[in-house]
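Okay, so here's the structure we're looking at.
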Amino acid sequence: LSAEPNWDLESREFALRCGPDGKVQWRDGRAANRNMKTGDSFLALAVPGTEEKLSGFFSRALKHPLSNVEQSLVIGGEPVTCFFHARPDGVGGVLLLGSSMPEDYSKSLRQIEESVEEMQNLNRQIFRQKREIEEQRNALQRTLSELEDSNKGITTLHLELEDKAEVLQRTADMRARVVANVSHEFRTPLHAILGLSRLLLEGVDGPLSVEQKKQMQFIRTSAEELGAMVDDLLDLASAEAGKMVVRLQKFAAADFFSALRGTLRPLARAPELVTLRFIEPDPAITLETDQSKVSQVLRNLVSNALKFTERGSVEVAVTTHQDDVIFTVKDTGIGIASVDFDRIFEEFGQIDSALQARVKGTGLGLPLSRRLAGSLGGVLTVTSVVGAGSTFTLRIPRVHPEVREMHAIETQPLDPGRAPILVVEDDRKTIFIYEQYLSMAGFQVVPARTIADAERLLRTVSPAAIVLDIMLDGESSWTFLSRLKQEERTRDIPVLVVTVTNKEQKARALGADEFWLKPVDRDQLIRKLRSLRAGADARVLVIDDDDRARYLVRKYLDDGPYQLIEASSGPEGVAAAHDHRPNVILLDFLLKGTTAFDVLDELKADPLTRHIPVIIVTSHVLEAGDRERLARQTEVILSKDSLSRELAINRIRDALSKAGVGGSPVAEAAS
Amino acid sequence: MDFAGMCARYLRTQLGGDRRAALQFIEDALRHGASPEDVRCHVVQAAQREIGRLWQEDQISIAQEHMATAISQLALAHLFQHAQFRDRVGRKILVACVPGEHHEFPARLLADTLDIAGYDLRFLGADVPLDSLLRAIDSEHPDALALSVTMVFNLPSARDTVRVVRSRSKQQVPIAIGGGAFGTTPELAEGIGADLVATDAQGFIATLDGFLGVRA
Chain Z
-9 LSAEPNWDLE SREFALRCGP DGKVQWRDGR AANRNMKTGD SFLALAVPGT
41 EEKLSGFFSR ALKHPLSNVE QSLVIGGEPV TCFFHARPDG VGGVLLLGSS
91 MPEDYSKSLR QIEESVEEMQ NLNRQIFRQK REIEEQRNAL QRTLSELEDS
141 NKGITTLHLE LEDKAEVLQR TADMRARVVA NVSHEFRTPL HAILGLSRLL
191 LEGVDGPLSV EQKKQMQFIR TSAEELGAMV DDLLDLASAE AGKMVVRLQK
241 FAAADFFSAL RGTLRPLARA PELVTLRFIE PDPAITLETD QSKVSQVLRN
291 LVSNALKFTE RGSVEVAVTT HQDDVIFTVK DTGIGIASVD FDRIFEEFGQ
341 IDSALQARVK GTGLGLPLSR RLAGSLGGVL TVTSVVGAGS TFTLRIPRVH
391 PEVREMHAIE TQPLDPGRAP ILVVEDDRKT IFIYEQYLSM AGFQVVPART
441 IADAERLLRT VSPAAIVLDI MLDGESSWTF LSRLKQEERT RDIPVLVVTV
491 TNKEQKARAL GADEFWLKPV DRDQLIRKLR SLRAGADARV LVIDDDDRAR
541 YLVRKYLDDG PYQLIEASSG PEGVAAAHDH RPNVILLDFL LKGTTAFDVL
591 DELKADPLTR HIPVIIVTSH VLEAGDRERL ARQTEVILSK DSLSRELAIN
641 RIRDALSKAG VGGSPVAEAA S
Chain Y
9 MDFAGMCARY LRTQLGGDRR AALQFIEDAL RHGASPEDVR CHVVQAAQRE
59 IGRLWQEDQI SIAQEHMATA ISQLALAHLF QHAQFRDRVG RKILVACVPG
109 EHHEFPARLL ADTLDIAGYD LRFLGADVPL DSLLRAIDSE HPDALALSVT
159 MVFNLPSARD TVRVVRSRSK QQVPIAIGGG AFGTTPELAE GIGADLVATD
209 AQGFIATLDG FLGVRA
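Heads up: the sequence lines are chains Z and Y, in that order.
Residue numbers for the first sequence follow this note's numbering, beginning at -9 and rising by one.
Residue numbers for the second sequence follow this note's numbering, beginning at 9 and rising by one.
Below, the structure is given as structure tokens:
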């Protein structure tokens, strides 16, 4: 019996009978195994929240049979899903057959539900991230388009600025011209007044009465003041037009001070009340700058100091600090409030004060002084205490910055390896820029700051090209351009015209090979110069009646940047020289029916060939007299015995470099 | 739009266990001009309430209820992707079911609605243990906490949750309460001690906007 298994424990089913109140009246063994007791309420087994559902089921079951109804009961402390068959027991109660669902199923269901929930969470997260990425992308897109807009704006602004700059430049030019003209117009009648008043004062046409003399003196002083004012105005106008010409020279501070002392002493009106003192400078202090400008500034400062100092002293001193020279003018006058420091440097920016009203001045002295200081590469500053005095300080480089830089460019020897470019440009800074641009690219800048300089240089140098800046007063530049293109000797030199305003038609009409608006683009410039140079090899004319000798030279020069012209007789050579204008001529000393001297004479007689360097090639030992005579007219005498490829090329190069013609920089770099 | 009819048809495909047909039905509804919002509330949510009622009346089994709910979860995910998201308001809401509350669906629906309305969401899901809830509040620093209660017998749990959050979270956070438990008798919410009571998702957003002072 004990071997028989108790299936009741494994069964999922159980049976109950309940009264109408839901109390368990009877249960089978399987229900007992599930801890259901008679007298307990069946309805109390409902899982929390399902009480209504269970009681609804129970009351329906009291009335009629039901099958397979799902209910959730708490069995053994756990919620269990059960399916019920039910029918009334005929005595008011109900018979129930329950069948519990396997726990695994409920658990799986729960697992699946939780998985779905988690996947929902993941889904939302991913979607949110996607949305954020999209938002970021949109923001980026917006930023990009905003950037694009502002970029466009900047470009437009640039164009507008360029227009404005040009208008301003024109206005400034016009203003400067008007001021200059007006000032000039003022001067003429002023000079008449000054001259006539002098005549009257000197009593040329009869003596004046004391009173008349006094009145005439007033007229004269007023005219002189007006004259000074007109001069200041002129200076200021030319400074504004950027036309301040700096004349550089070397001088010692000590000499400079003693000269200054002489000219300033008369300015002291009351020497017993105000002492004007010059502190003796260190004799070692020397300057290389524009002396007249330094002196103009100091004169201004001292005369101001004397004007605004009623008693005490005005002291002028100079010291050095590193590479700067510092001039100070210190007074014990009325002083300037710090709020006015800027105003005193403005045109007509005088300060109102009692003393100010008494002393005379144009109101242009300090502004002009500050500009002068600027043109010297320095600054003019002031410190002051009201009532105690002022100190004006002019601090300038001991050597004007342009001295060194210009010196370096101007004294640069012509380098045969670099093609010379003549740059006609009055602005030093622009010349420096060209120098920087071109030296790296294998060109050599030959600067000319005036048309006259350019013309002088052209007499000795044959540039590979000319960069011509049409300067503010344009006419002479235009004339220069047309002259360049008319003259046979310079006609073939490419001219690049550069201006600030568009004058392309005019430039082209006058023969400019290229026209550019400032500022010049570096790469464009170099590219253009290179293309102009291409094929412009040095032309070498060989005059020799010996075919073999010419052949030899041809072979020597084969690979180099040379273009060979051959002539087999003297007259033929002279004609070729006239027609082709070679850069150098190789001349055989002994030609059939003629001598080198005849050929040389003819070459020197023709202005077109006069400047061409000649190298004499000879197989003869020359007599002393001949040698001396040749040496005066030719570059070098070469002996055919010792002639080699290297020697020939070196001599030709030397001759070319003296003539200012270098090899093409491109070819040089390649060889 | 005949949402009642749409709901009935959706419910049929749902109970038929055909999730593709259910999704197709939602696609069609959207194509015919129903807003994702309407479909979510008047079709999916309404059908879900009907499922609850059918189960209550022994007309469907637990298995059917689970299957229908799974399909509705899928529908929600689908609608979420179609939603027109409003501008972010820069406020964070923590949504959770109180401990013991296993009905995740209504909380999910609220979370989606808030998210679409511009709130940042942290959704903790069903039956969130108190400790987890407190940790989340302290680490996420939400601007409000929304608690979902579906079953009436979870009301004591909701009351305890509010009390514990108030006394133990480091940060004082406004608490909103809502869900099916208050469906017929909103007065039940009074004893819970929450700051805000939400009866439906859309109305709750207006309340929350006003309370937090956003979109003024």
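No residue lacks a Cβ here, since even glycine has one placed at the ideal position from N, Cα and C.
Quick caveat, the model's predicted, so the values are computed rather than measured.
Contact set between residue i and chain Y, taken where Cβ atoms lie within less than 8 Å
i	result
residue 53(Z)	Near residue 53(Z) there are no residues of chain Y at all, since even the closest Cβ is about 14 Å away, more than 8 Å.
residue -6(Z)	Result: empty, since nearest Cβ-Cβ is about 36 Å, beyond 8 Å.
residue 110(Z)	81, 84, 85 and 116
Residue-chain proximity (residue i, chain Z), Cβ-Cβ < 9 Å
i	result
residue 191(Y)	no
residue 112(Y)	yes
residue 37(Y)	no
residue 129(Y)	yes
residue 12(Y)	no
residue 133(Y)	yes
residue 26(Y)	no
residue 123(Y)	yes
residue 89(Y)	yes
residue 120(Y)	yes
Cross-chain neighbours of residue i in chain Y, by beta carbon under 7 Å
i	result
residue 113(Z)	85
residue 71(Z)	70
Residue range of the alpha helix (DSSP H) that includes residue i
i	result
residue 468(Z)	465 to 476
residue 287(Z)	281 to 297
residue 357(Z)	355 to 365
residue 445(Z)	441 to 450
residue 210(Y)	209 to 220
Expected contact under 8 Å - CB spacing of residue i and residue j to nearest Å
i	j	result
residue 529(Z)	residue 573(Z)	5 Å
residue 308(Z)	residue 256(Z)	Residue 308(Z) to residue 256(Z), Cβ: 21 Å. No contact.
residue 43(Z)	residue 56(Y)	17 Å between Cβ atoms; not a contact.
residue 76(Z)	residue 56(Z)	5 Å
residue 388(Z)	residue 288(Z)	Going by Cβ atoms, the distance from residue 388(Z) to residue 288(Z) rounds to 16 Å, so no, they are not a contact pair.
residue 563(Z)	residue 589(Z)	6 Å
residue 31(Z)	residue 13(Z)	6 Å
Proximity test, Cβ basis, 9 Å: residue i and chain Y
i	result
residue 68(Z)	no
residue 2(Z)	no
residue 78(Z)	no
residue 38(Z)	yes
residue 118(Z)	yes
Chain Y contact residues for residue i, given Cβ-Cβ distances below 9 Å
i	result
residue 337(Z)	Correct list: empty, because the minimum Cβ distance to chain Y is about 58 Å.
residue 121(Z)	93
residue 99(Z)	70, 71 and 74
Under 9 Å by beta carbon: chain Z residues contacting residue i
i	result
residue 66(Y)	43, 46, 47, 50, 56, 59, 60 and 61
residue 78(Y)	102, 103 and 106
For residue i, the three-state DSSP class (helix, strand or coil)
i	result
residue 142(Z)	helix
residue 311(Z)	strand
residue 25(Z)	coil
residue 199(Z)	coil
residue 524(Z)	Low local confidence applies: a pLDDT of 49 at residue 524(Z) is under 50, so the model's placement there is unreliable, with the coordinate-based value given in what follows. In this structure, residue 524(Z) counts as coil in the three-state DSSP scheme.
residue 530(Z)	strand
residue 493(Z)	coil
residue 552(Z)	strand
residue 2(Z)	coil
residue 89(Z)	strand
residue 387(Z)	strand
Neighbouring residues, chain Z, relative to residue i (Cβ below 8 Å)
i	result
residue 60(Y)	Those within 8 Å of residue 60(Y) in chain Z number zero; the least Cβ separation is about 10 Å.
Endpoints, the beta strand (DSSP E) within which residue i is located
i	result
residue 17(Z)	14 to 17
residue 506(Z)	504 to 507
residue 185(Y)	183 to 186
residue 77(Z)	68 to 78
residue 437(Z)	433 to 438
residue 262(Z)	From DSSP, residue 262(Z) is part of no beta strand (DSSP E); its letter is neither H nor E.
residue 241(Z)	239 to 242
residue 132(Y)	128 to 133
Partner residues on chain Z for residue i, Cβ-Cβ distance less than 7 Å
i	result
residue 159(Y)	39
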